[in-house]
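J.: If you read the sequence shown in my numbering, its first letter stands for residue 69, the second for the next number, and so on. Note that beta-carbon positions come from the ideal geometry of N, C-alpha and C, so glycine has one too. No experiment lies behind these values; they were computed from the predicted model shown.
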Amino acid sequence: MISSKILRSKGSFRVVPIGIIKKEGKTVYIEIPQKYKDALRGLDQFSHIIVSSWFHKNDTRGKRSVLQVHPKGNMANPLTGVFATRSPARPNLIAISVCKILGVEGNIVHIDKTDALNGTPVIDIKPYIPRIDAISDARIPKWMESFADFD
C-alpha cells in the first residue's frame, strides 16, 4: 500500500546514478564512482548481476505516456500494456538486465554484454541468486512462446 505521506508529496522522488555503462569495442563494463566503490565488496563472488539502469536516450514526455504497445514492435503481437512487456517506452524508463560478471577491478565491474547504450546511467546493481531469481513454475502468454529471446 502506498503511504499517504508519499501521495501528499509532489509525486516524485530522486534516484541517483551509481554508475555508468561503458562500451569500448567489445569491452563492456560498469564504472562506479569512487564514493560507491566499497559497495562492490564481495560482488566478485557471484557469476551474474542484475543491473537496473535508466533509458536516458528514450526519456521524453511522449515515451513516458505510452501505456500499450505491440511487443517487439510487431503488429502481429497483441496490443499489450507496457507493464506486461519489456518495452523501453513506459512511465518510468527503468531497464533491467542480467549480466555475467567477467571481473571486478577497483571501481570497475567488467560484464559480458548488455543491451544498454554506452553512457547509460546505472541506478542499482544486485547479485543474481538462482534460487531466488529463477522461478521454475513461471508462465508466459501464448503469443510470447515463439520469442527466441529479448535481444
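Between T153 and P139, what straight-line distance do the alpha-carbon atoms span, to the nearest angstrom?
T.: Against the sequence shown, residue 153 aligns to sequence position 85. Against the sequence shown, residue 139 aligns to sequence position 71. Using only the alpha carbons, I get a separation of about 6 Å.
J.: For the region 157 to 208, list the alpha helix (DSSP H) runs that are entirely contained and at least 4 residues long, ordered along the chain.
T.: Complete alpha helix (DSSP H) runs here, min 4: 198 to 201.
J.: On the three-state DSSP scale, how would you describe G79?
T.: Locating residue 79 in the sequence shown gives position 11, counting from the first residue. In the structure shown, G79 sits in coil (DSSP, three-state: anything other than H, G, I, E or B).
J.: How big is the Cα-Cα spacing for I203 and I197?
T.: If you number the sequence shown from 1, residue 203 lands on position 135. If you number the sequence shown from 1, residue 197 lands on position 129. Taking the straight line joining both Cα atoms gives about 11 Å.
J.: Using alpha carbons as the reference points, say which of R82, I100, N126 lies closest to A184.
T.: In the sequence shown, residue 184 corresponds to position 116, counting from 1. Cα-wise, what sits closest to A184 is N126.
J.: By the 10 Å Cβ neighbour count, where 16 or more other Cβ atoms means buried, how is R158 classified, buried or exposed?
T.: Indexing the sequence shown from 1 puts residue 158 at position 90. Burial call: buried.
J.: Reducing DSSP to helix, strand and coil, say where I86 ends up.
T.: The sequence position of residue 86 within the sequence shown is 18, counting from 1. The answer is coil: DSSP assigns I86 none of H, G, I, E or B.
J.: Expressed to the nearest angstrom, what Euclidean distance is found between the alpha-carbon atoms of S115 and L170?
T.: As a working note, residue 115 is residue 47 in the sequence shown. As a working note, residue 170 is residue 102 in the sequence shown. Spanning the two alpha carbons is a distance of roughly 8 Å.
J.: Round the Cβ separation of L108 and I117 to the nearest angstrom and send it over; I've been treating them as touching at under 8 Å.
T.: Position 40 of the sequence shown, counting from 1, holds the residue named residue 108. Position 49 of the sequence shown, counting from 1, holds the residue named residue 117. Their Cβ separation, rounded to whole angstroms, is 10 Å, which puts L108 and I117 out of contact at 8 Å.
J.: What does the Cβ neighbour count give for F123, buried or exposed, with the cut at 16 atoms within 10 Å?
T.: Within the sequence shown, numbered from 1, the residue matching residue 123 stands at position 55. Looking at its Cβ environment, which holds 16 or more other Cβ atoms inside 10 Å, F123 is buried.
J.: Does DSSP put F218 in a helix, in a strand, or in coil?
T.: Here the question's residue 218 lines up with position 150 in the sequence shown. For F218, the predicted structure reports a pLDDT of 46, less than 50, and the residue's modelled location is therefore unreliable. A value from the coordinates is still provided. Three-state result, F218: coil.
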